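Everything below concerns the one structure shown next.
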Amino acid sequence: MSVQVHLSLRSANVARNIEWLDGTPPLSLSFRGNELAGEVGEACNVLKKLERARLGLKGSRDTLEHLAEELADVIICCDLIAMDVGINLDNAVADKFNATSEKVGLKTRLFL
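Taking the numbering used here, the leading residue of the sequence shown gets 3, the next gets one more, and so forth.
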């Protein structure tokens with residue numbers, strides 16, 4: 003039986019993490035970091051195949067749909083790490099985005 007509820011990524015990650023781990027010890031930051039590195043690697047591999055197609059090189063191809071899936075995995079992993087250490091990723095992203103805009107003299111800001 004599946005249950006559909008509208009949740010933020012963080013709320014969904016908290017709920018699914020409890021369900022997924024089902025009483026096992028919490029995952030280490032090194033596990034989470036390796037998980038993130040693996041997902042970034044998968045996204046980079048899709049990018050390589052897309053670029054190969056753009057350049058007309060021989061070899062395997064991939065799709066934007068697959069890239070979207072892999073980039074989503076990267077974002078989910080980033081939030082899991084932030085969740086484990088108590089970082090509000092929404093605030094951290096907005097703060098960093100705005101600091102970079104300020105640093106390079108751009109007007110665009112991100113507001114939550």
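Note that the Cβ used here is the ideal one computed from N, Cα and C, for glycine as well. As the structure is a prediction and not an experimental result, all values here were calculated from the model.
Over the uninterrupted alpha helix (DSSP H) stretch that includes residue i, give me the two end residues.
i: F33; result: 31 to 57
i: F113; result: It is not in any alpha helix (DSSP H) - F113 carries neither H nor E in the DSSP assignment.
i: L11; result: 11 to 23
Could you give the distance in angstroms between the alpha-carbon of residue i and the alpha-carbon of residue j?
i: E21; j: A14; result: 11 Å
i: V48; j: R18; result: 27 Å
i: F33; j: R12; result: 19 Å
i: V16; j: G43; result: 25 Å
i: L66; j: C79; result: 20 Å
Return the residue from the list the options that minimises the CA-CA distance to residue i.
i: P27; options: K51, D86, D92; result: D86
i: L73; options: N90, C46, K98; result: C46
i: R63; options: L114, K51, N100; result: K51
i: A96; options: T110, T65, A39; result: T110
i: E37; options: L57, I77, G61, S10; result: I77
Please classify residue i: is it buried, with 16 or more other beta-carbons within 10 angstroms of its beta-carbon, or exposed?
i: L82; result: buried
i: E41; result: buried
i: A84; result: buried
Unbroken alpha helix (DSSP H) runs of length 4 or more, entirely within the region 63 to 106: which are they? As for any alpha helix (DSSP H) of minimum length 4 sitting wholly inside the region 63 to 106, the runs are 66 to 87, 91 to 106, ordered along the chain.
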